[in-house]
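Residue numbers (our numbering): 17 to 371. Please read the structure below before turning to the comments.
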């Protein structure tokens with residue numbers, strides 16, 4: 017099994033973050049080298065403070081290997097030294113911290129190449145960048161070389177130990193990558209299609225992660241893997257972050273007694289249904305209310321737009337109605353005139369009485 021020395025634990029516990037610029041450079045390097053005929057190798061630049069490893073830049077290097085014999089390979093270390101000196105003049109903070117190759121998996125010659133990079137850094141970082149990913153997820157795998165201690169007491173050997181890695185970008189890098197993706201995006205594809213595709217890829221990535229978690233837990237149950245309380249604690253934290261969509265109501269005393277006694281009565285079944293279905297019904301009702309509000313807003317907007325179209329398209333009919341209104345006004349005028357005549361007669365009668 018791998019060694020558990022303090023040095024090994026410090027290497028494994030480091031957080032490795034890779035900038036998107038490194039992924040773009042590696043993909044461009046692979047594309048210019050022949051697209052799939054052979055793997056490509058490059059140098060990683062960044063900072064390594066002992067706890068966090070930040071890979072911020074990279075450059076390609078000449079590399080050749082025999083496809084039949086993995087022990088035969090060539091790497092131009094003079095080119096590495098000259099390019100490293102030039103990058104130091106541009107940005108002295110970026111130091112040589114390791115190397116990368118396009119993988120997609122570890123090779124037999126990786127340990128020998130890693131020993132070569134120990135000329136420039138004590139603990140070189142190896143990042144395998146999958147330039148042709150077949151599954152959705154982080155396309156990088158980070159490794160550190162450690163001493164492997166065997167149980168039989170024989171000589172220790174070198175092996176690679178996996179270290180978690182993430183893709184992290186600064187604000188300027190995010191803006192640059194976003195503009196680059198806009199340039200290479202298919203214009204014929206609509207915004208809705210792009211959003212749905214992104215959500216589908218995210219759900220596929222989540223499904224793969226959940227499948228890996230299920231496979232790990234099943235192996236622990238079958239005692240194929242030992243119990244790791246740190247991993248189980250992280251999984252418990254993940255499950256605790258899930259929203260609670262159910263809000264069951266409290267049971268009545270009779271229902272609680274029935275469920276405790278385990279009697280298969282109608283009250284027990286009704287209580288169980290109450291516990292299971294109450295939260296779902298409340299969730300469904302809330303979603304229905306929100307959907308109805310949205311549909312009502314759409315309906316009112318359509319009705320208002322239809323009314324405006326009616327006024328613009330049916331101007332003749334509206335004018336005809338206005339004409340009828342004038343006739344009505346005429347009738348009212350006649351009524352008003354008749355009313356004035358009656359008032360004059362009454363005033364005349366009052367005047368005769370006074371005389």
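The beta-carbon is built from N, C-alpha and C at its ideal position, and this holds for glycine as well. Predicted, not measured: the structure shown is a model, and the values here were computed from it.
- Within its own chain, the residues whose Cβ lies closer than 7 angstroms to the Cβ of residue 64, once the five positions on either side in sequence are excluded, are 113, listed in chain order.
- Between residue 125 and residue 55, the C-beta spacing is not below 8 angstroms.
- The continuous beta strand (DSSP E) containing residue 58 extends over residues 57-64.
- DSSP places residue 91 inside the beta strand (DSSP E), whose first and last residues are 89-91.
- Residue 175 and residue 163 have their C-alpha atoms some 6 angstroms from each other.
- Annotation for residue 157: 144 place their beta carbon closer than 6 angstroms to its own, counting only its chain and skipping 5 residues before and after.
- According to the DSSP assignment, residue 49 belongs to no alpha helix (DSSP H), since it is labelled neither H nor E.
- Residue 141 is a Cβ neighbour of residue 69, given a cutoff of 8 angstroms.
- The residue from 252, 172, 123 with its alpha-carbon nearest to that of residue 85 is 123.
- Beta-bridge annotation (DSSP): residue 114 is paired with 60, 141.
- In this structure, DSSP gives residue 253 a helical state, which the three-state scheme calls helix.
- Scanning its chain for C-beta atoms nearer than 7 angstroms, with the 5 sequence neighbours on each side dropped, one finds around residue 153 the residues 221, 224, in chain order.
- Taking residue 36 as reference, the option from 179, 161, 100, 187 with the minimal CA-CA separation is 187.
- Taking C-beta separations shorter than 8 angstroms and ignoring five residues to either side along the sequence, the partners of residue 75 in its chain run 41, 58, 59, 61, 99, 103, following chain order.
- Beta-carbon to beta-carbon, residue 180 and residue 32 are separated by about 7 angstroms, close enough to satisfy the 8 angstroms threshold.
- Take the alpha-carbon of residue 134 and the one of residue 255: they are about 42 angstroms apart.
- The beta carbons of residue 81 and residue 88 sit closer together than 8 angstroms.
- For residue 235, the enclosing alpha helix (DSSP H) starts and ends at 207-237.
- CA-to-CA, the gap between residue 247 and residue 306 works out to about 39 angstroms.
- In the DSSP annotation of this structure, residue 77 is not part of any beta strand (DSSP E), being labelled neither H nor E.
- Shortest Cα-Cα distance from residue 101 to any of 136, 190, 309 involves 136.
- Remark: C-beta atoms of residue 147 and residue 79 do not approach each other more closely than 8 angstroms.
- As DSSP reads the structure, residue 70 sits in a beta bridge with 33, 63.
- Per DSSP, the unbroken beta strand (DSSP E) holding residue 157 starts and ends at 156-164.
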